[in-house]
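Have a look at the structure below before the remarks.
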Amino acid sequence: MACTSSLTIEKAFDKLKGSLSSQDAQDFLNTTLKDVWSAAVVIEQDQAARKAMKNVRRIQPFLNTMESYSRVIEVFCQGYPPMAFVWGPMKLMLQLSSQYIHVFDKLLDTYRDIANVVPRIDRLRAIFGDSDDFRRSLSLVYVDILDFHQRAYKIFRRRSWHLMFAVSWGMFEYRIQAIMNSLEKNTDNVDKEAAALHFEHMKEARERAERDANDYERRRQNAMVHEVLGWLSADEDRQDETLQRLSDSRQPETCDWIKSKPKFQTWCGGDADSRLIWLQGKPGSGKTILSSFIIEHLKCKEQQVTVSYYFCNHRMVDRDTMSNILCTSAVQILRQHPEIVPVVHSEYYEKWSGKASRTMKKMLKDILAGVSCARIVIDGLDECAPEVQKELPKVLADIHETVGKSFKILICSRLVADPKAMILLRGETENAIKLYVKNEVRKLCNDIEFVPDEDAKWIENRLASKADDTIAS
Numbered sequence: 001m002a003c004t005s006s007l008t009i010e011k012a013f014d015k016l017k018g019s020l021s022s023q024d025a026q027d028f029l030n031t032t033l034k035d036v037w038s039a040a041v042v043i044e045q046d047q048a049a050r051k052a053m054k055n056v057r058r059i060q061p062f063l064n065t066m067e068s069y070s071r072v073i074e075v076f077c078q079g080y081p082p083m084a085f086v087w088g089p090m091k092l093m094l095q096l097s098s099q100y101i102h103v104f105d106k107l108l109d110t111y112r113d114i115a116n117v118v119p120r121i122d123r124l125r126a127i128f129g130d131s132d133d134f135r136r137s138l139s140l141v142y143v144d145i146l147d148f149h150q151r152a153y154k155i156f157r158r159r160s161w162h163l164m165f166a167v168s169w170g171m172f173e174y175r176i177q178a179i180m181n182s183l184e185k186n187t188d189n190v191d192k193e194a195a196a197l198h199f200e201h202m203k204e205a206r207e208r209a210e211r212d213a214n215d216y217e218r219r220r221q222n223a224m225v226h227e228v229l230g231w232l233s234a235d236e237d238r239q240d241e242t243l244q245r246l247s248d249s250r251q252p253e254t255c256d257w258i259k260s261k262p263k264f265q266t267w268c269g270g271d272a273d274s275r276l277i278w279l280q281g282k283p284g285s286g287k288t289i290l291s292s293f294i295i296e297h298l299k300c301k302e303q304q305v306t307v308s309y310y311f312c313n314h315r316m317v318d319r320d321t322m323s324n325i326l327c328t329s330a331v332q333i334l335r336q337h338p339e340i341v342p343v344v345h346s347e348y349y350e351k352w353s354g355k356a357s358r359t360m361k362k363m364l365k366d367i368l369a370g371v372s373c374a375r376i377v378i379d380g381l382d383e384c385a386p387e388v389q390k391e392l393p394k395v396l397a398d399i400h401e402t403v404g405k406s407f408k409i410l411i412c413s414r415l416v417a418d419p420k421a422m423i424l425l426r427g428e429t430e431n432a433i434k435l436y437v438k439n440e441v442r443k444l445c446n447d448i449e450f451v452p453d454e455d456a457k458w459i460e461n462r463l464a465s466k467a468d469d470t471i472a473s
């Protein structure tokens, strides 16, 4: 049975450690109760200086109880200090939240509530001594404490966590209640002096509570995704179909040249000075085919890149509005980052926000704040209404100013004036044209019984020379 308890703790410990960054894992390993108190004193002094004092001592009952637990469960924790991965996350979260009073209050109240339901070691030792049944019962309490810190840590280590805290913690409160219920059940069973008899029941109840919490979170997340995407009802399908059609029609290697362009390489990377590339060329020069290649190139990059794209069409000017373009971009990003959906659900869907371009712009800013690396490709801007052609680049540039270098823009259009960000297709498509003509002539020659190689070559050169930097799309 002692082995079962060790495995239970080891599983919870590995789950927590697997959520940590390598630096945090190293820092936590050496964190002690004294370090937590030292951090609390510094926070208290800082808040006093800012005249924003909070009762940091609310954590004392929790710390005292956990200190007592460490001596009981250390027998199950081979190779690591049992409380280091409670003290470490706790210290980090106190430090991060201390600058945000409402967050700090939430965290202190939660620690106070946990301390209120955790069984008291001094009283229980008088009943059980140091029996194995007693240790096994407390091991499940320890697992619940690790579970809380593993899940809370993930909230505090998210990108822009303080902006999303209200929504993230709101979702987490159901989980906290499940942990509290598990702790209360464990305490009740221990108080009945029947830890040995009830151990399996306690373990099953905890697992059932975890399954219920997981099911609730999954159902709630799925419901929010369904509601938000249904509300936005963007032009996503048409964009996907267009990309697929262009991909199928593109000749191999005809667009590879763009990858060698320094401006494009810088734009793909993290350089803050390359927020915008404007690919320009005359009608028929292969801009849209090139856009589809760039989109698929970004999707296939080894590093994580969130890709959004929109193909404008002069036949659908009424659909290619500012609002619809921004809305479609938002939906594409949300599908790649469903963890951001609760923010949109809370801040926009539940508030019955409309889909005006101003609202979509603000929403896209909020979405991109939670994304580490994003690229948007707009093809055929010149095919939109004049007001969209004029305003969309300004709107995207404003979003970039807010979000920063993690968000970059690529626009394809006919020739317009913006030489700093421009990559002209004039001359760049020569090799692509030759490849295209060669493939088409080869297919034609295969359909004819006999065409000498020199004749086929003459046809290729003749057609390529007449192409004038244009290519079929």
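Anchor point for the sequence shown: position 167 equals 167 in the UniProt record's numbering, and the numbering is continuous, going up by one each time.
Think of the CB as a built atom: it goes at the ideal place given N, C-alpha and C, for glycine as much as any other residue.
{"Check": "Beta bridge counterpart(s) of residue 308 as assigned by DSSP", "Outcome": "376"}
{"Check": "Best match in 100, 99, 70 for proximity to residue 87 [C-alpha to C-alpha]", "Outcome": "70"}
{"Check": "Best match in 320, 187, 186, 258 for proximity to residue 238 [C-alpha to C-alpha]", "Outcome": "320"}
{"Check": "Cα-Cα separation, residue 211 to residue 276", "Outcome": "47 Å"}
{"Check": "Element boundaries [beta strand (DSSP E), containing residue 278]", "Outcome": "276-280"}
{"Check": "Residue 170 versus residue 380 - alpha carbon distance", "Outcome": "42 Å"}
{"Check": "Rounded C-alpha distance that separates residue 156 from residue 385", "Outcome": "44 Å"}
{"Check": "DSSP state of residue 255 mapped onto helix, strand, coil", "Outcome": "coil"}
{"Check": "Buried versus exposed call for residue 270 [16 or more other C-beta atoms within 10 Å across all chains shown]", "Outcome": "exposed"}
{"Check": "Pairwise C-alpha distance: residue 231 and residue 19", "Outcome": "33 Å"}
{"Check": "Same chain, Cβ closer than 8 Å to residue 98, five either side skipped, listed in chain order", "Outcome": "43, 46, 47, 104"}
{"Check": "Limits of the unbroken beta strand (DSSP E) element including residue 413", "Outcome": "407-413"}
{"Check": "DSSP state of residue 268 mapped onto helix, strand, coil", "Outcome": "helix"}
{"Check": "Whole runs of the alpha helix (DSSP H) within the stretch 148-213, excluding any shorter than 4 residues", "Outcome": "161-191"}
{"Check": "Nearest-angstrom Cα separation, counted from residue 37 out to residue 108", "Outcome": "14 Å"}
{"Check": "Rounded straight-line distance, which links the Cα of residue 62 to that of residue 16", "Outcome": "19 Å"}
{"Check": "Euclidean distance between Cα positions of residue 14 and residue 183", "Outcome": "21 Å"}
{"Check": "Residue 10 versus residue 27: straight-line alpha-carbon distance, rounded", "Outcome": "19 Å"}
{"Check": "Straight-line Cα distance separating residue 296 from residue 49", "Outcome": "54 Å"}
{"Check": "Contact set for residue 217: own chain, Cβ-Cβ below 8 Å, skip 5 residues either direction", "Outcome": "171, 174, 175"}
{"Check": "Spatial neighbours of residue 407 in its chain, beta-carbon cut-off 7 Å, leaving aside the 5 residues before and after", "Outcome": "368, 374, 399, 400"}
{"Check": "Unbroken alpha helix (DSSP H) run spanning residue 383, endpoints", "Outcome": "That residue, residue 383, is in no alpha helix (DSSP H); it is neither H nor E in DSSP."}
{"Check": "Inter-stretch contact (C-beta, 8 Å, three-pair minimum) for the stretch 253-265 and the stretch 353-373", "Outcome": "no"}
{"Check": "8 Å contact criterion, which residue 391 and residue 322 should meet: CB distance rounded", "Outcome": "6 Å"}
{"Check": "Extent of the continuous alpha helix (DSSP H) run through residue 20", "Outcome": "No alpha helix (DSSP H) contains residue 20, which DSSP labels as neither H nor E."}
{"Check": "For residue 140 and residue 203, the rounded distance between their alpha carbons", "Outcome": "7 Å"}
{"Check": "Closest Cα partner of residue 8 within the set 326, 284, 145, 243", "Outcome": "145"}
{"Check": "CA-to-CA distance, residue 241 to residue 113, given in whole angstroms", "Outcome": "53 Å"}
{"Check": "The alpha helix (DSSP H) enclosing residue 50, as first and last residue numbers", "Outcome": "Neither: residue 50 is in no alpha helix (DSSP H) and is coded neither H nor E."}
{"Check": "Proximity of residue 100 and residue 162 at Cβ, strictly below 8 Å", "Outcome": "yes"}
{"Check": "C-beta atoms of residue 236 and residue 336 nearer than 8 Å", "Outcome": "no"}
{"Check": "Nearest-angstrom Cα separation, counted from residue 292 out to residue 93", "Outcome": "44 Å"}
{"Check": "Residue 91 beta carbon less than 8 Å from that of residue 35", "Outcome": "yes"}
{"Check": "C-beta atoms of residue 294 and residue 396 nearer than 8 Å", "Outcome": "no"}
{"Check": "Best match in 151, 33, 289 for proximity to residue 250 [C-alpha to C-alpha]", "Outcome": "289"}
{"Check": "Under the three-state DSSP convention, the category residue 250 falls into", "Outcome": "coil"}
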